[in-house]
Amino acid sequence: MPGTSVIDDIELIIEDIRGGGGKPPSRRDDGDGGGDGGNTGGGKPEPRRSSPKKYSTAIALAMLSILMFFMVLTAAFVALRINNLHTWLAIRLPWILWVNTAVLLASSATLELARRKLQVNSVRGFKQMWALTTILGMIFLSGQVIAWRHLAAEGVYMTSRLSSSFFYVFTALHAAHLFGGICALLYVGLRNFEAAHVSRWVAAEVTSYYWHFMDGLWLFLLALLYFGQ
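Note that the sequence shown covers residues 116 to 344 in this note's numbering.
The structure is reproduced here in structure tokens:
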């Protein structure tokens with residue numbers, strides 16, 4: 116529109132006066148690098164960016180609801196454990212769980228490295244470390260399946276005893292929520308953010324909150340299962 120073009124020209128003049136003739140700041144914030152020539156000549160306009168705060172609030176509420184859900188399960192576990200002190204039959208935790216824990220901790224480290232790459236506008240480095248984080252998450256889930264099969268091979272099933280029931284419930288529910296995190300990692304890694312309503316930086320930031328939360332939740336569950344046996 117002609118009016119919009121005039122307003123843009125006025126803004127550029129004001130910025131030029133304030134900056135002493137320097138070039139106007141880029142409006143791109145997704146780390147993809149390079150400008151778009153100011154969208155002159157009838158080019159496609161940039162999308163309106165959504166507020167990062169609403170995404171942070173949404174993921175915070177989601178994590179809070181997940182935490183409350185697992186706290187209810189934890190309370191049930193502790194209550195049944197106390198009420199069945201003499202009849203409680205413990206299970207030996209599969210050794211693969213410790214390997215899985217190391218893999219999940221490594222994924223948090225690679226995720227932070229990916230975010231640092233994005234801070235210096237290295238999109239290629241970001242995507243490499245982000246992909247590695249995603250692969251480590253998939254390895255963790257595969258390790259959980261191995262743990263379940265290990266217990267099944269020993270004749271320990273979900274309905275075998277109370278301890279095994281909680282083990283399968285805790286690990287399966289955590290794996291389901293972690294799979295949601297993997298889907299988010301894939302979205303951020305494969306999404307074209309040039310036409311998105313959220314920047315790559317905001318998407319990576321919000322996803323990292325959830326991933327680190329799932330990491331901490333697993334450490335809590337593993338400690339609960341280990342010391343609660």
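We put the beta carbon where it would ideally sit given N, CA and C, even for glycine.
Since this is a predicted model, take the numbers as computed values, not measurements.
Taking residue i as the reference, give the member of the options with the closest Cα.
i: residue 289; options: 330, 278, 170; result: 330
i: residue 241; options: 174, 175, 232; result: 232
i: residue 203; options: 304, 243, 279, 291; result: 279
i: residue 294; options: 175, 169, 253; result: 253
i: residue 301; options: 251, 191, 310; result: 251
i: residue 226; options: 336, 334, 325, 340; result: 325
i: residue 351; options: 194, 341, 340, 222; result: Outside the shown range of the chain, which is 116 to 344, sits residue 351, and nothing can be said about it.
i: residue 214; options: 234, 344, 343, 333; result: 333
i: residue 246; options: 327, 184, 303; result: 303
i: residue 327; options: 316, 338, 174, 306; result: 174
i: residue 170; options: 319, 310, 186; result: 319
i: residue 343; options: 321, 195, 237, 314; result: 195
Would residue i and residue j qualify as a contact pair, given that the criterion is a beta-carbon distance under 8 Å?
i: residue 262; j: residue 286; result: yes
i: residue 249; j: residue 181; result: no
i: residue 265; j: residue 211; result: yes
i: residue 220; j: residue 244; result: no
i: residue 260; j: residue 206; result: no
i: residue 282; j: residue 188; result: no
i: residue 323; j: residue 239; result: no
i: residue 167; j: residue 284; result: no
i: residue 277; j: residue 199; result: yes
Does the ligand FAD have a heavy atom nearer than 7 Å to the CB of residue i?
i: residue 313; result: The ligand FAD is not among the ligands present in this structure, which contains no ligands whatsoever.
Quick check on the burial criterion: 16 or more other C-beta atoms within 10 angstroms. Buried or exposed for residue i?
i: residue 312; result: exposed
i: residue 201; result: exposed
i: residue 179; result: exposed
i: residue 291; result: exposed
i: residue 257; result: exposed
i: residue 274; result: exposed
i: residue 172; result: exposed
i: residue 336; result: buried
i: residue 192; result: buried
i: residue 162; result: With a pLDDT of only 48 at residue 162, under 50, the local geometry of the prediction cannot be trusted, and no value is derived from it.
i: residue 235; result: exposed
i: residue 308; result: buried
i: residue 299; result: buried
i: residue 122; result: Below a pLDDT of 50, predicted positions are generally treated as unreliable, and residue 122, at 45, falls in that range; the measurement from the model is reported next regardless. That one is exposed.
If you reduce the DSSP assignment to three classes, tell me which class residue i lands in.
i: residue 150; result: Low confidence applies here, because residue 150 scores a pLDDT of 39, under 50, leaving its location unreliable; read the following figure in that light. Residue 150 falls in the coil class under three-state DSSP.
i: residue 178; result: helix
i: residue 272; result: coil
i: residue 314; result: coil
i: residue 205; result: coil
i: residue 344; result: coil
i: residue 210; result: coil
i: residue 219; result: helix
i: residue 251; result: helix
i: residue 158; result: At residue 158 the pLDDT is 45, less than 50, meaning the model places this residue with poor confidence; the figure from the coordinates comes in the next sentence. Three-state DSSP puts residue 158 in coil, outside helix and strand.
i: residue 280; result: helix
i: residue 230; result: helix
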